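In our numbering, the protein residues as written are 6 to 355. Using N, Cα and C, we set each Cβ at its ideal position, and we do this for glycine too. The structure displayed is predicted, hence computed values, not measured ones.
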């Protein structure tokens with residue numbers, strides 16, 4: 006385990022946070038941690054139980070606090086994620102519980118969530134659901150009545166992970182009914198915990214569904230009823246080298262999307278076209294190498310229009326959006342043509 010340099014003797018005085026932070030920042034920088042000063046401050050604030058902005062006003066660290074701080078800094082120097090050490094990740098206006106087994110939400114995804122919030126606020130209520138038994142488990146926090154049906158726009162978050170996108174929409178667009186889908190048992194535990202915490206805090210409860218987003222019958226009871234569908238899928242191409250925090254701690258199935266990064270995205274685009282109501286919208290985050298590929302897949306599907314690519318604050322391609330066509334397009338997947346009305350749906354895997 007990496008250890009901090011011995012702090013200077015200060016007699017019986019408790020060392021100021023600034024002294025401990027300066028030493029910790031040097032250790033983290035030597036370990037290759039970016040934003041080492043900021044992370045050293047965040048860890049100090051966590052140990053002291055104060056906001057980072059009030060560190061300068063905090064009392065000195067006790068001996069026990071200093072030992073705890075040194076231990077956390079040493080773990081961070083081994084590239085254990087900061088969020089695992091503090092137990093939480095900030096996302097828009099939320100603090101989410103995270104740890105081993107769930108993907109740590111990234112700031113870049115806040116852009117997709119914000120787009121989803123805006124779309125949910127713009128859209129009227131959905132028609133009543135005809136979801137039958139077995140479609141979903143009861144809403145998070147056991148608040149089935151509070152979840153509501155047909156009294157607001159219907160938003161679906163696929164590959165929900167910690168619930169970051171779904172919970173942000175539920176908080177910022179409280180008229181929306183939000184359904185979060187995740188398949189990983191470990192991630193589901195974090196998702197349910199965060200959903201229960203936010204419901205207890207007064208946010209509108211979300212509904213949690215344990216399911217594989219590549220299932221052709223995903224959310225069958227909501228076919229043609231979804232107003233806004235959002236997805237931050239595993240999309241990193243397998244050969245890409247990722248930082249140690251990701252390689253050793255983020256779940257592999259939440260990061261990599263096959264050889265080209267599109268193994269999950271392809272079936273999601275196809276199923277989304279079935280779930281969306283005419284005029285409903287889709288937003289999908291993607292790898293920065295997919296800036297032209299994903300819009301091309303959406304256009305080639307034939308069931309989408311108004312395809313648009315969005316860049317993050319660094320100017321990198323980050324997520325693509327599209328609208329479900331209101332009129333069927335002959336030859337597109339899902340268009341019934343000379344089949345006696347039967348649906349000619351395809352998975353969109355090619």
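query, result
"Using the beta-carbon count (16 or more within 10 Å), is residue 19 buried or exposed?", "exposed"
"Applying the 10 Å Cβ sphere with the 16-neighbour rule, what's the burial state of residue 46?", "buried"
"Looking at the structure shown, is residue 119 part of a helix, part of a strand, or coil, going by DSSP?", "helix"
"Given a threshold of 16 other Cβ atoms within 10 Å of its Cβ, counted over all protein chains shown, does residue 151 qualify as buried or as exposed?", "Per-residue confidence for residue 151 stands at a pLDDT of 35, beneath the threshold of 50, marking its modelled position as unreliable; the derived number appears in the next sentence. Residue 151 is exposed by the Cβ-count criterion."
"Under the rule that 16 or more other beta-carbon atoms within 10 Å means buried, what is residue 217, buried or exposed?", "exposed"
"In terms of residue numbering, what span does the beta strand (DSSP E) encompassing residue 244 cover?", "Where residue 244 is concerned, there is no enclosing beta strand (DSSP E), given that its DSSP letter is neither H nor E."
"Nearest-angstrom Cα distance between residue 277 and residue 325?", "13 Å"
"Evaluate residue 92 with the Cβ neighbour count: other Cβ atoms within 10 Å of its Cβ, from every protein chain shown; 16 or more gives buried, anything less gives exposed.", "exposed"
"Could you check whether residue 103 and residue 372 sit closer than 8 Å to each other, using their CB atoms as the reference points?", "The first residue shown for the chain is 6 and the last is 355, placing residue 372 beyond what the model contains."
"Give every residue of the same chain whose Cβ lies closer than 6 Å to the Cβ of residue 21, excluding the five residues on either side of it in the sequence, and list them in chain order.", "65"
"Is residue 226 helix, strand or coil by DSSP?", "helix"
"List the whole-angstrom C-beta distance separating residue 90 from residue 80, where the pair is believed to meet the contact cut-off of C-beta under 8 Å.", "6 Å"
"On the CB-based measure, 16 or more other CB atoms within 10 Å of its CB, does residue 67 come out buried or exposed?", "exposed"
"Under 8 Å Cβ to Cβ from residue 142, same chain only, skipping five residues before and after it: list those, please.", "At residue 142 the pLDDT is 38, less than 50, meaning the model places this residue with poor confidence; the figure from the coordinates comes in the next sentence. If we look at residue 142 and ignore the five residues flanking it on each side, its Cβ neighbours are 212, 213, 214 and 215."
"What do you get for residue 131, buried or exposed, if any count of 16 or more other CB atoms within 10 angstroms of its CB means buried?", "The predicted model places residue 131 with a pLDDT of 47, which falls under 50 and marks its position as unreliable; any figure quoted below should be read in that light. Classification of residue 131: buried, given that the 10 Å Cβ count is 16 or more."
"Keeping to the same chain, check which residues put their C-beta closer than 7 Å to that of residue 165; ignore five residues upstream and five downstream.", "171, 185, 186, 187 and 196"
"For residue 167, which option in 189, 159 and 53 has the closest C-alpha, if you only look at C-alpha atoms?", "189"
"Under a three-way DSSP split, which group does residue 296 fall into?", "coil"
"Determine the extent of the alpha helix (DSSP H) in which residue 254 is found, giving its start and end residues.", "249 to 254"
"Would you call residue 62 buried or exposed, if buried means 16 or more other Cβ atoms sit within 10 Å of its Cβ?", "exposed"
"Closest by CA to residue 113, which one among 299, 290 and 303?", "290"
"Quick check on residue 111: buried or exposed, where buried means 16 or more other Cβ atoms within 10 Å of its Cβ?", "exposed"
"Beta carbon of residue 310, beta carbon of residue 296: below 8 Å?", "no"
"Let me make sure I understand the geometry here. Which of 43, 23, 57 and 109 has the alpha-carbon closest to that of residue 71?", "23"
"Could you tell me whether the Cβ atoms of residue 117 and residue 199 are closer together than 8 Å?", "no"
"Quick check: what's the CA-CA separation for residue 25 versus residue 223?", "51 Å"
"Where does residue 42 fall in DSSP's three states?", "helix"
"Grouping DSSP H, G and I as helix and E and B as strand, with all else coil, what is residue 276?", "helix"
"Would you check if the distance between the CB atom of residue 260 and the CB atom of residue 241 is smaller than 8 Å?", "yes"
"Give me the DSSP bridge partner(s) of residue 93.", "102"
"From which residue to which residue does the beta strand (DSSP E) around residue 85 run?", "Looking at the DSSP string, residue 85 is not in any beta strand (DSSP E), and its letter there is neither H nor E."
"Leaving out five residues before and five after residue 282 in sequence, what residues of the same chain have Cβ atoms less than 6 Å from its Cβ?", "229 and 230"
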